[in-house]
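*Asks:* After the structure tokens below, expect a handful of questions from me.
In our numbering, the protein residues as written are 419 to 648.
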């Protein structure tokens, strides 16, 4: 964790959830119908339906962050403009966004994104970890320099026998998935971003520690393409 501040400002921690549109508090079975497409009109409809849940969750985070992190009024603010809420604090920004599920508009997705970490050391504090415990399952950031996915694949496949870094990929090479032996995470590289899927929800500290382990393997690879990714 000591070196997390070197890259923490570049990352977003992401958590996802969702449910059925008809289960939202604003949905009235007597005169509402479930969306059957994703478009501007149905998205506005969702924004009306999810306002109560979004407001309650965002207000809960505001109050817990204010007391848990000992923020004064000027250090924290909340803007709720359904279907998105933005909590801005002196150390971080949290966005909560509702959207209709693309493959099934009868359902909705909720994305929670923690970014803009202005103090990398805050991730190491117990207060911050408890505030966001169990909220995130992924960590995403833009690569410092774009890379060719094929070059990443070739670099991993060219490692010495016994290397702990593994790679899988589709036939069109649109992305590749990297895994490290002993680390419960998969890292997807599409050439512009690197996204780590932790496999389960965890706290910021858990995700960053797993990322540090993956990052170390990239550096140890002694390959220009791999070591330059992070």
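Just so it is clear, CB atoms sit at the ideal spot from N, CA and C, and this is done for glycine as well.
1. State the Cα-Cα distance for the pair residue 649 and residue 434, rounded to the nearest angstrom.
2. Do residue 592 and residue 608 have their CB atoms nearer than 8 Å?
3. Which residues mark the beginning and the end of the alpha helix (DSSP H) in which residue 606 is found?
4. Going by DSSP, what residues sit across from residue 555 in a beta bridge?
5. Based on Cα-Cα distance, which residue from 603, 643, 611 lies nearest to residue 624?
6. Quick one, which of 565, 584, 529, 630 has its alpha-carbon nearest residue 574's?
7. Please state whether DSSP places residue 463 in a helix, a strand or coil.
8. Taking 6 Å as the limit between beta carbons, can you name the residues of its chain near residue 511, skipping five residues before and five after?
9. Can you tell which of 621, 610, 596, 622 has its C-alpha closest to the C-alpha of residue 633?
10. Over the uninterrupted beta strand (DSSP E) stretch that includes residue 584, give me the two end residues.
11. In this structure, does DSSP put residue 506 in helix, strand or coil?
12. Can you grab the Cα-Cα spacing for the pair residue 644 / residue 544, in whole Å?
13. DSSP three-state label for residue 566, please.
14. Buried or exposed, going by whether 16 or more other CB atoms sit within 10 Å of the CB of residue 622?
15. Please work out which residues of its chain come closer than 8 Å, Cβ to Cβ, to residue 500, disregarding the five sequence neighbours upstream and downstream, and give them in chain order.
16. Which residue comes first and which comes last in the beta strand (DSSP E) that contains residue 599?
17. At what residues does the beta strand (DSSP E) containing residue 620 begin and finish?
18. List the endpoints of the continuous beta strand (DSSP E) containing residue 519.
19. When the distance is taken between beta carbons, is residue 489 closer than 8 Å to residue 508?
20. Is it true that the CB of residue 480 sits closer than 8 Å to the CB of residue 555?
*Replies:* Let me lay it out:
1. One cannot answer for residue 649 here, as it falls past the ends of the chain, which runs 419 to 648.
2. The count along the chain shown starts at 1 and reaches residue 592 at position 174. The count along the chain shown starts at 1 and reaches residue 608 at position 190. Their beta carbons are under 8 Å apart, which means residue 592 touches residue 608 by this criterion.
3. Position 188 of the chain shown, counted from the start, is the residue given in the question as residue 606. For residue 606, there is no enclosing alpha helix (DSSP H); the enclosing beta strand (DSSP E) has its first and last residue at 604 to 607.
4. As a working note, residue 555 is residue 137 in the chain shown. Assignment of beta-bridge partners to residue 555 by DSSP yields no partner.
5. As a first step, residue 624 must be located in the chain shown, where it is residue number 206. Answer by Cα proximity: 603.
6. Taking the chain shown and counting its residues from 1, one reaches residue 574 at position 156. Of the candidates 565, 584, 529, 630, the one whose C-alpha sits nearest the C-alpha of residue 574 is 584.
7. The residue labelled residue 463 in the question sits at position 45 within the chain shown. Helix, per DSSP.
8. As a working mapping, residue 511 is identified with position 93 in the chain shown. Answer for residue 511: 533, 534, listed in chain order.
9. The residue labelled residue 633 in the question sits at position 215 within the chain shown. Ranking 621, 610, 596, 622 by Cα distance to residue 633 puts 596 first.
10. The sequence position of residue 584 within the chain shown is 166, counting from 1. Taken as a continuous stretch (DSSP letters only), the beta strand (DSSP E) holding residue 584 covers 583 to 586.
11. As a first step, residue 506 is located in the chain shown; it is residue number 88 there, counting from the start. It is a strand residue.
12. Along the chain shown, read from residue 1 onward, the residue named residue 644 stands at position 226. Along the chain shown, read from residue 1 onward, the residue named residue 544 stands at position 126. When rounded, the distance between both Cα atoms is 33 Å.
13. Along the chain shown, one-based indexing puts residue 566 at 148. Coil at residue 566, not helix or strand.
14. Position 204 of the chain shown, counting from 1, holds the residue named residue 622. A buried status is given to residue 622, since no fewer than 16 other beta-carbon atoms sit within 10 Å of its beta-carbon.
15. Sequence index remark: in the chain shown, residue 500 carries index 82 (1-based). Excluding positions up to five away in sequence, the list reads 465, 466, 468, 469, 472, 473, 516.
16. Translated into the one-based positions of the chain shown, residue 599 becomes position 181. Looking at the DSSP string, residue 599 is not in any beta strand (DSSP E), and its letter there is neither H nor E.
17. Translated into the one-based positions of the chain shown, residue 620 becomes position 202. Judged by DSSP secondary structure, residue 620 falls within the beta strand (DSSP E) whose first and last residues are 611 to 620.
18. Walking along the chain shown from the start, residue 519 turns up at place 101. Element bounds for residue 519: 511 to 519.
19. The residue labelled residue 508 in the question sits at position 90 within the chain shown. The residue labelled residue 489 in the question sits at position 71 within the chain shown. Yes.
20. Locating residue 555 in the chain shown gives position 137, counting from the first residue. Locating residue 480 in the chain shown gives position 62, counting from the first residue. No, these two residues do not count as a Cβ contact at 8 Å.
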